Amino acid sequence: MRLPQVVIVGRPNVGKSSIFNWLLRRRVAIVDPQAGITRDRISHLLEINGRFVELVDTGGMGFEDPDNLTPEIEEQIEAAIDTADVILFVVDVREGITPLDELVSRRLRYVSVPVICVANKADTESLALQAGEFYRFGRKVIPISAAHSRGREELLAAIAEALPPAAGEAQAPPPEPVMKLAIVGRRNVGKSTFVNTLCQAERMIVSEVPGTTRDSVDVRFELDGKPFIAIDTAGFMRRKSISENVDFYGMHRAQRSIRRADVVLLFLDAQERITRLDKQLADYITQQFKPFIIVVNKWDLVQGQMAPEKWVAYIRDSFRTMTYAPIAFISAKTGKNVKLLLDYAQQLHEQAGRRVKTSELNRLIAAAIERNPPPLAGTKRPKIYYATQVGEHPPTIVMFCNDPTLIDATYQRYLLGVLREQLPFREVPIKLYLRQRERHDRTDQIESRLSRPR
Numbered sequence: 000m001r002l003p004q005v006v007i008v009g010r011p012n013v014g015k016s017s018i019f020n021w022l023l024r025r026r027v028a029i030v031d032p033q034a035g036i037t038r039d040r041i042s043h044l045l046e047i048n049g050r051f052v053e054l055v056d057t058g059g060m061g062f063e064d065p066d067n068l069t070p071e072i073e074e075q076i077e078a079a080i081d082t083a084d085v086i087l088f089v090v091d092v093r094e095g096i097t098p099l100d101e102l103v104s105r106r107l108r109y110v111s112v113p114v115i116c117v118a119n120k121a122d123t124e125s126l127a128l129q130a131g132e133f134y135r136f137g138r139k140v141i142p143i144s145a146a147h148s149r150g151r152e153e154l155l156a157a158i159a160e161a162l163p164p165a166a167g168e169a170q171a172p173p174p175e176p177v178m179k180l181a182i183v184g185r186r187n188v189g190k191s192t193f194v195n196t197l198c199q200a201e202r203m204i205v206s207e208v209p210g211t212t213r214d215s216v217d218v219r220f221e222l223d224g225k226p227f228i229a230i231d232t233a234g235f236m237r238r239k240s241i242s243e244n245v246d247f248y249g250m251h252r253a254q255r256s257i258r259r260a261d262v263v264l265l266f267l268d269a270q271e272r273i274t275r276l277d278k279q280l281a282d283y284i285t286q287q288f289k290p291f292i293i294v295v296n297k298w299d300l301v302q303g304q305m306a307p308e309k310w311v312a313y314i315r316d317s318f319r320t321m322t323y324a325p326i327a328f329i330s331a332k333t334g335k336n337v338k339l340l341l342d343y344a345q346q347l348h349e350q351a352g353r354r355v356k357t358s359e360l361n362r363l364i365a366a367a368i369e370r371n372p373p374p375l376a377g378t379k380r381p382k383i384y385y386a387t388q389v390g391e392h393p394p395t396i397v398m399f400c401n402d403p404t405l406i407d408a409t410y411q412r413y414l415l416g417v418l419r420e421q422l423p424f425r426e427v428p429i430k431l432y433l434r435q436r437e438r439h440d441r442t443d444q445i446e447s448r449l450s451r452p453r
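Just so you know, numbering that gives the first Met the number 0 puts the end of the sequence shown at 453, numbered straight through with nothing missing.
Structure, rendered in C-alpha cells:
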C-alpha cells in the first residue's frame with residue numbers, strides 16, 4: 000500500500016525546512032536564511048503514533064528564482080500537492096498575514112485533502128496568541144516554534160487526526176531498500192536526469208543552470224519488484240568556488256551521501272575532459288571504501304565520434320589507482336544502458352558483502368609471499384603470520400605480523416592486488432588492517448606453511 004504523504008507548503012522563509020527537520024528530529028534539509036534554498040521535493044519517513052507517513056518538504060511558493068527556475072520549482076510544488084494526503088500550510092507569526100500568504104491560501108482553496116495552518120515562530124505565549132489571526136484562512140491553526148521546540152506533539156496529533164483511515168495500510172515501515180545508490184559528480188553531468196529516468200517521473204528539477212540541485216535528495220524507486228533508494232546530490236565544485244553557505248552545505252551533504260551509500264555512481268560527461276575535481280571526488284569515494292562505477296553519461300551525444308576503448312584507456316590513465324572500478328557508458332536522457340548499470344551496481348553490492356574462509360585467505364597470502372617475499376626494512380625482515388576476514392561492506396581483512404611498520408604501502412598494494420584477483424572482490428575496494436601479533440597468540444599458519452619442504 001502507498002504511504003500517506005504529509006506535504007509542507009508555504010511562501011519562502013517561513014521555516015518549512017526547519018519544521019521538516021524538527022519533525023524528523025534529524026537534519027535532512029538545508030536550512031539557510033537565504034530565500035529559495037529548497038527547489039526539489041525532499042521526502043523522508045516519519046512515524047506518528049505507530050503509523051508511517053512520508054513527510055515532504057517543498058520550495059517556497061511565489062518566489063522568483065534568480066536562475067529562472069521558477070516554473071520548474073512550481074511544478075515540483077504542484078506535484079507534491081497533487082499527491083498529498085495532508086497539507087501543512089506554514090505561516091510566520093512574527094510577520095503576520097502577507098500578500099504571499101494570501102496567494103498560497105488561494106492556491107489551496109480547492110484541494111480536497113485536509114489542510115492544517117502551521118503558525119511557526121511562536122516562540123512565546125504572547126506570540127502564540129497572535130496566531131489567531133490566521134483563522135481567517137478557514138483552516139485549523141496550530142502555533143509552533145521549530146527553533147524553540149514548542150508545539151511538536153500538538154502538531155503531530157493534528158496530523159494523525161487528519162490522515163485518511165488506515166484500512167489495509169501496513170503498520171510496519173516499508174521494506175528496507177535492497178541498495179542505496181549515491182549519484183555524484185560535477186555540476187551538469189546529468190545526475191538529476193538519471194534519477195528521473197529511474198523513477199519514470201519528473202522527480203527532480205533538470206536544467207542547464209549549474210547547481211540546480213542544492214541538497215541531497217533520497218528518491219525511492221522499484222526495479223524488478225525490489226525497492227531501491229537513489230540519492231541525488233549537489234554537484235561537486237572546487238573549494239575556492241564555494242561562495243555561499245548553501246554550496247558549502249550541499250557539498251557536505253553530498254559527502255555524507257557517499258558515506259551512507261552502498262554503491263556510488265561517479266558521473267562524467269562524455270563531452271568534457273576529466274578534471275582534477277573528478278579525481279578528487281574519486282579519491283574521496285575510495286577513502287570511504289565504497290564500491291563505485293565510473294559512469295560516462297551523455298554517450299548518445301558523442302557516439303561514433305570516439306571509440307569506447309579510447310575512453311576506457313583515457314579513464315584508466317586518469318584514475319590509475321582505481322583500475323578495479325567498472326566503467327559504464329549510458330544515456331540518462333534516453334535510458335540507454337540504465338538497466339544494465341543498475342544490474343551491475345547490484346553485483347558490486349553483492350561482491351562487497353561476501354565472506355571467504357580463513358583457510359582460503361591464508362593459502363592465497365602464503366602463495367603470494369612465496370612468489371614475492373616482503374622486502375627487508377633496513378636489517379629487519381617483515382613476517383606475516385596469518386590473516387582473517389572480520390567484516391563486509393567493505394570486505395575487511397586483518398593481517399597479523401611481527402611489526403606493521405615494516406610492511407610498506409607498495410607491498411600492501413601487491414597483496415591487495417593478489418586478493419582482488421583471486422577472491423570474489425575483483426571490482427570492489429578491500430580494507431586492509433595490519434596488526435602486531437600478541438605474544439600469547441601462537442598461531443603461525445602462513446609462516447609454518449612456508450617452512451614446509453616442497
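Backbone N, C-alpha and C fix where the C-beta goes; we use that ideal spot for every residue, glycine too. Since this is a predicted model, take the numbers as computed values, not measurements.
So, for V114: in the same chain, excluding its five sequence neighbours on each side, which residues have a beta-carbon less than 6 Å away from its beta-carbon?
I86, F88, L107, R138
Residue span of the beta strand (DSSP E) that contains H348, given as start and end:
That residue, H348, is in no beta strand (DSSP E); its alpha helix (DSSP H) goes 337-351.
Going by alpha carbons, who is nearest to R219 out of R185, A181, G334?
A181
From which residue to which residue does the beta strand (DSSP E) around P307 run?
Run containing P307: none in the beta strand (DSSP E); it sits in the alpha helix (DSSP H), 307-317.
Can you tell me where the beta strand (DSSP E) holding T196 begins and where it ends?
No beta strand (DSSP E) holds T196; the alpha helix (DSSP H) holding it covers 190-198.
Terminal residues of the alpha helix (DSSP H) in which I18 lies
15-23
Of the residues W21, K179, K190, the one placed nearest I143, counting alpha carbons only
W21
Does the ligand PLP have a heavy atom nearer than 6 Å to the CB of D268?
Within the structure as shown, the ligand PLP is missing, as the structure has no ligands at all.
Are the CB atoms of I292 and A327 within a distance shorter than 7 Å?
yes
Contact the stretch 252-272 vs the stretch 296-315: 3+ CB pairs below 8 Å
yes
Own chain residues within Cβ distance below 6 Å of Q4, not counting five before or after
E53, V55, T82, A83, D84
Considering only DSSP beta bridges, list what L180 is partnered with.
A229, V262
Short of 8 Å in beta carbon distance, which residues of its chain neighbour Q435, apart from the five on each side in sequence? Order them along the chain.
F399, C400, N401, D402, P403
Roughly how many angstroms separate the alpha carbons of V262 and E308, rounded to a whole number?
24 Å
Among the candidates P226, L276, K289, F266, whose CA atom is the shortest distance from the CA of I257?
K289
Go through its chain and collect everything with a Cβ distance to K463's Cβ below 8 Å, but skip five positions before and after it.
No statement about residue 463 is possible, as the shown extent of the chain runs from 0 to 453 and does not include it.
Alpha carbons only, please: which of T333, T320, P325, Q346 is nearest the one belonging to Y490?
The structure shown does not extend to residue 490, since the chain spans only 0 to 453, so no value can be given for it.
On a CA-only basis, which of T97, G189, P226 is nearest T333? Give me that one, please.
G189
For T322, count neighbouring C-beta atoms within 10 Å of its own C-beta (all shown protein chains included) and say buried if the count is 16 or more, exposed if not.
exposed
Own chain partners of K338 with C-beta closer than 7 Å, once the 5 adjacent residues on each side are dropped:
none
What does DSSP give as the partner residue(s) for P142 in the beta ladder?
A118
If we count the other Cβ atoms within 10 Å of its Cβ and call it buried at 16 or more, is N48 buried or exposed?
exposed
On the three-pair Cβ rule with 8 Å, is the stretch 419-430 touching the stretch 344-361?
yes
For Q254, which three-state DSSP category applies?
helix
Name the two residues that bound the continuous alpha helix (DSSP H) containing Q304.
Unbroken run through Q304: none, as it is neither H nor E.
May I ask you to report which of helix, strand or coil DSSP gives Y385?
strand
Any idea if P164 is buried or exposed, counting beta-carbon neighbours within 10 angstroms, 16 or more meaning buried?
exposed
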